[in-house]
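Number of protein chains: 2
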Amino acid sequence: MTDSSRKPVRFALAQIDTCVGDLDGNADKVLSYVRRAADSADVVIFPEMTLTGYPIEDLAFRATFRKAAWEAADGLAKTLAQEGHGDLYVVVGTVGTDHASDNPRNRLVALHNGVVWAGYDKHFLPNYGVFDEFRIFSPGEKTLVLEIEGARIGVAICEDIWQDGGPVAQLASQHIDVLLTINGSPYEEGKTSTRLDLCVKRAREVAAPVIYLNQVGGQDDLVFDGASFVVNQSGTILERSAQFREDLSFWTLPVTSDPQTTDGSVSTLAPLMERTEEVYEACVLGLKDYITKNGFTGVVLGLSGGIDSALVAAMAADAVGGGNVWGISMPSRYSSDGSKDDAAQLAENIGAHYTVEPIENLFTAYQDQLHLQAVAAENLQARLRGVIVMAYSNSKGLLALATGNKSELACGYSTIYGDAVGGYAPIKDLLKTRVWDLAKWRNAKAAKEGNPEVIPLNSIVKPPSAELRPGQKDSDSLPDYALLDQVLAAYIEHAHGRADLLADGFDPQTVDTVMRLVDKAEWKRRQYPLGPKVTALAFGRDRRLPVTSRFSE
Amino acid sequence: MTDSSRKPVRFALAQIDTCVGDLDGNADKVLSYVRRAADSADVVIFPEMTLTGYPIEDLAFRATFRKAAWEAADGLAKTLAQEGHGDLYVVVGTVGTDHASDNPRNRLVALHNGVVWAGYDKHFLPNYGVFDEFRIFSPGEKTLVLEIEGARIGVAICEDIWQDGGPVAQLASQHIDVLLTINGSPYEEGKTSTRLDLCVKRAREVAAPVIYLNQVGGQDDLVFDGASFVVNQSGTILERSAQFREDLSFWTLPVTSDPQTTDGSVSTLAPLMERTEEVYEACVLGLKDYITKNGFTGVVLGLSGGIDSALVAAMAADAVGGGNVWGISMPSRYSSDGSKDDAAQLAENIGAHYTVEPIENLFTAYQDQLHLQAVAAENLQARLRGVIVMAYSNSKGLLALATGNKSELACGYSTIYGDAVGGYAPIKDLLKTRVWDLAKWRNAKAAKEGNPEVIPLNSIVKPPSAELRPGQKDSDSLPDYALLDQVLAAYIEHAHGRADLLADGFDPQTVDTVMRLVDKAEWKRRQYPLGPKVTALAFGRDRRLPVTSRFSE
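So the sequences go chain by chain: A and B.
Count along the first sequence from 1, add 700, and you get the number used in the working numbering.
Count along the second sequence from 1, add 700, and you get the number used in the working numbering.
Printed below as a string of structure tokens:
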């Protein structure tokens, strides 16, 4: 099909990293990307809720916030026109207000000729997993087709394409030339191919290519991976943006929309990372954005010589540079020489500040007074260390990092107010076996770049131990991680109950132990720092279970 | 209107305290209440989600949980019949499954003659404030009218009566003789009269009396106050159950439903508490149920001599008896003699265990090593105390209580991992001015009962101080509480932005200070223990704001 009244439409995909609540900063960033794109584009597209950042949660209810968002959109339209970009169509996301109900809306607006030229409100409001949109928004009812240069551009916002029916089904009969969806789609392992499959399905449904524009960056417990793309009905990827960083790329909608004729429109195809690299980069970006968006310049953490703190330190160095990382070794009478050496070596490898703060005198002072035994004495050591980490955090203005992994968090195998202190927990959604994978991957990457190992080999190969009593090993208290992590994945990510877990082939004793540990530790998890979700189901708002519960099946 | 085919129907209102996930325990409690009611009732009514407890949150997604809930309902029906109660109609709430979609449902079932005789699924699923029901349940579509002894009993579940339209509007044309609603309605100040007004409106809509049956008890951050009632179209209260405790009361639906003729059906009217007493009892019940349902036998907390810890200790003694309360005085060089005396006096007044654990040696040991200054040194003292409280908790198996109030929590005027440690925080939803009200009310109650004061007068009248440096007063860092609490109520409970607060008449400097403090402290609140919601908007799941946010208006 060739439509002689149409011209090719040049799209710029501005995959940016916004900050929630920073209306001025986000508008400025939109402006700078429009300037960069102006000569090569007719339409510049930004992610879901560009101006407000995403997700805004209950900020949606604050009338002053919605008013300021409106003013940001209106002011941006005027500034674009004043700068001579009024002929462009700039598509941004923002919060709107439904005038009938006064309810907040998740809105897409097109800015053109100095005004907010058109608007569309998200129909499907996700309210599962980490999402609470039905709580804060009322759903849109209308579809929107932008007519630009004779082309008909149907629009959607994120969840609109994940549900059957609704606006996409309506657009299917409206003869659109391209479907544009703007998204705030959080990363999780495996999601890249799910999104692509979905968009191919929608491309076929509307008989037109789909532009999938995603945001990038970290926001509290979510990481947006970008990885925007354009795909046609045949499943050919016509453009792909980078993962885990801002990007500006271009794609032209040809005059013919015949899928067999790409009309020179295949643009840059950023390479896709492999799974382990993706997860590592997700953690690093989540951490980096938490640090910078919250105004920190550096981080502090305890370095035990173990794999968890080593991996977190390596991620922190990759996020903000080793010179902004403070590592503290806090040996006790139970710390092995090997552990102390491994901690020092790690700090040296990443170029971190390194201090040794023994806890022996502090432990003695407490024990002279309290005479604690067994687990209470073990927890005491962890808490004395927590006090030191927070002292560094308070006196140097550093963000404290908690180094617990998902297996630990699941089983409560950590000391609340001890090793659990911190403002951010970069690996809280990584099972222990995944922690090993990522550490090995990071070293392999260093080797590939001709650099020495980052994480001391000894930290990777030695049997895990909290070193809170002589000869202690994690395996004294927990099933082997290879087994434990399988049970945890089934119980947590797949919500398998006891009967399901037995049907999965796990032995009753392991199942009962793991379920009991996980259920008992919910109160600790509630008080654990935020950290990036990288799996299909993370602890936190993704999995909302009561603390008080007697169900054990 | 007199219907000759009808007989009077005797209702038993079983206002019980259930436990989430305790299917067997809840079913046993239903059984025991049915036995008590059997001779005097035709219909025995229990609260929303009786068998499962409420709210079940994401437990709804676990297939084994829904299966067990079905078995509990089915087993209960059989047991009732075996015990000779098959002729009774027993109305309980539970979780169901929609067979078409396999989605969980919030269900009411009537047990009769040994079977699950009838069912109704909640239509309106609240998804605001503390509620996440749209997340976990799919909505019901049908109405249900139970025909019992010739009477037509329309049913609804909680939110169904809070929204216009829906099942109540449909029942209005179905000639019902009474509207029965079963509820899990959390307490907040002022809600008692709101519920009554609502039910009178619904009674007029359906032209029949309304039975409002609420659950009672604490579940994590929610307190259910009970206070069930029956009201007719004229607004006459025909029955009212007790507040904040289990109750079994009776009301008979007369053969005539003429509102002028109550037909001897006015039953017991439990007295209503006044507001301050309500709030105090809500905190005590929330604490008591958290302790007992989580298997603790006692609590431990730091006693500073200040009003907050004194009030929490008094509540704990009222909840579980002073003999199950461990109070620790942890004086530093900055603690006044008055404070130490007040702490000791409080412990004596409530019959608590009392220990003195000075922190001077611990502080010296740390400072010899770390040499902290200013706020870092102040936080250190609070954290050394947190370690002691947790050491008592771990070694004696006690629940640690955090004693922070809502004003402190709002402004971040507390030390995370210091005074903020604990599994439960009984007064976290009380503004400081309300803390004083409750302390005075508790002493007045003691006086009325001829007992000496519970909370030392000095703790009530002295200027609040954290005593972390010489001569420190809260008013050095915060506006006066009388003003602060007004700004906080407007900013937090009414979501007023900066412009609104200025329009409210607050001065710009106070507004900017308070907003900045509140916004900056979000990360600390995320890690704060659970505590009972008693206001219209509590911190926690009731108010979901991003940690990372730059909006300041």
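Note that the Cβ used here is the ideal one computed from N, Cα and C, for glycine as well.
Being a predicted model, the structure only gives us computed values, none of them experimental.
Of the residues the options, the one placed nearest residue i, counting alpha carbons only
i                  : options                                     : result
Pro1126 of chain B : B:Glu748, B:Val923, B:Lys891 and B:Asn813   : B:Val923
Asp860 of chain A  : A:Pro708, A:Ser1035 and A:Pro839            : A:Pro839
Ala1082 of chain A : A:Ala1238, A:Leu1099 and A:Tyr1113          : A:Tyr1113
Leu1099 of chain A : A:Leu1188, A:Met749, A:Val720 and A:Ala1013 : A:Ala1013
Lys789 of chain B  : B:His812, B:Lys767 and B:Ile1050            : Note that residue 789 of chain B is Tyr in the sequence shown, not Lys. Measuring from the Cα of Tyr789 of chain B, the nearest candidate turns out to be B:His812.
Gly814 of chain A  : A:Tyr820, A:Gly786 and A:Val791             : A:Gly786
Val1135 of chain A : A:Met1015, A:Ala1076 and A:Ala1044          : A:Met1015
Phe944 of chain A  : A:Phe1251, A:Asp717, A:Ala851 and A:Gly1123 : A:Asp717
Thr894 of chain B  : B:Gly865, B:Val878, B:Ser928 and B:Ala714   : B:Ser928
Pro1232 of chain A : A:Leu1101, A:Tyr733 and A:Glu1222           : A:Leu1101
Ala818 of chain B  : B:Ile853, B:Met1090 and B:Glu889            : B:Ile853
Cys1111 of chain B : B:Lys1128, B:Thr1064 and B:Arg1241          : B:Lys1128
Ala1139 of chain B : B:Leu1131, B:Ile1155 and B:Asn932           : B:Ile1155
Arg805 of chain B  : B:Glu748, B:Ser1095 and B:Asn1158           : B:Glu748
Ala982 of chain A  : A:Thr752, A:Ala1019 and A:His1196           : A:Ala1019
Cβ of residue i within 8 Å of any chain B Cβ
i                  : result
Lys707 of chain A  : no
Ser1095 of chain A : yes
Leu1230 of chain A : yes
Met1030 of chain A : no
Thr779 of chain A  : no
Gly964 of chain A  : Note that Gly964 of chain A has pLDDT 44, beneath the 50 cutoff, so the model's placement of it is unreliable and the number below is only indicative. By this cut-off, Gly964 of chain A is not an interface position.
Phe837 of chain A  : no
Arg1198 of chain A : yes
Gln1227 of chain A : yes
Residue interval of the beta strand (DSSP E) (run including residue i)
i                  : result
Asp1180 of chain A : From DSSP, Asp1180 of chain A is part of no beta strand (DSSP E); its letter is neither H nor E.
Pro1163 of chain B : Element bounds for Pro1163 of chain B: n/a, residue is neither H nor E.
Ser1029 of chain B : Val1025 to Ser1029
Tyr820 of chain B  : Val815 to Asp821
Asp722 of chain B  : No beta strand (DSSP E) holds Asp722 of chain B; DSSP gives it neither H nor E.
Asp1212 of chain A : Here Asp1212 of chain A belongs to no beta strand (DSSP E); instead the alpha helix (DSSP H) covers Pro1208 to Lys1220.
Residue range of the alpha helix (DSSP H) that includes residue i
i                 : result
Val855 of chain B : Note, Val855 of chain B: premise wrong, no alpha helix (DSSP H); beta strand (DSSP E) at Ala851 to Ile857.
Leu780 of chain B : Ala763 to Gln782
Asp921 of chain B : Taken as a continuous stretch (DSSP letters only), Asp921 of chain B belongs to no alpha helix (DSSP H), as it is neither H nor E.
Straight-line gap, residue i to residue j (C-alpha atoms, nearest Å)
i                  : j                  : result
Lys1040 of chain A : Ala1052 of chain A : 15 Å
Ile848 of chain B  : Leu1245 of chain B : 48 Å
Asp989 of chain B  : Ser1249 of chain A : 12 Å
Asp722 of chain B  : Lys993 of chain B  : 10 Å
Ser1093 of chain B : Ile1059 of chain B : 17 Å
Val809 of chain A  : Ser949 of chain A  : 21 Å
Tyr828 of chain B  : Tyr1228 of chain A : 24 Å
Glu974 of chain A  : Leu1183 of chain A : 25 Å
Gly964 of chain B  : Ser740 of chain B  : Low confidence applies here, because Gly964 of chain B scores a pLDDT of 44, under 50, leaving its location unreliable and the question unanswered by this model.
Leu1003 of chain A : Leu759 of chain A  : 37 Å
Lys870 of chain A  : Arg807 of chain A  : Note that residue 870 of chain A is Gln in the sequence shown, not Lys. Answer to the nearest angstrom: the Cα atoms are 18 Å apart.
Ser705 of chain B  : Gly850 of chain B  : 6 Å
Below-8 Å beta-carbon distance, residue i vs any chain A residue
i                  : result
Ser1249 of chain B : yes
Val1075 of chain B : yes
Asn806 of chain B  : no
Glu1253 of chain B : yes
Gln915 of chain B  : no
Lys1132 of chain B : no
Gln1255 of chain B : Chain B is shown from 701 up to 1253; residue 1255 of chain B falls before or after that span and cannot be answered.
Met749 of chain B  : no
Gly721 of chain B  : yes
Val1087 of chain B : yes
(request) Please confirm if the segment 875-887 of chain A is in contact with the segment 902-920 of chain A, defined as three or more CB-CB distances below 8 Å between the two stretches. (result) yes
(request) Could you tell me whether the segment 819-831 of chain A touches the segment 778-785 of chain A, using the rule of 3 or more Cβ pairs below 8 Å? (result) no
(request) May I ask you to verify whether the segment 1211-1225 of chain A touches the segment 1210-1217 of chain B, counting CB pairs closer than 8 Å and requiring at least 3? (result) no
(request) Could you say if the segment 1000-1009 of chain A and the segment 1103-1112 of chain A meet the contact criterion of at least three C-beta pairs nearer than 8 Å? (result) Yes, they touch.
(request) Say whether the segment 929-938 of chain A touches the segment 895-904 of chain A, bearing in mind that this needs 3 or more beta-carbon pairs closer than 8 Å, one atom from each stretch. (result) yes
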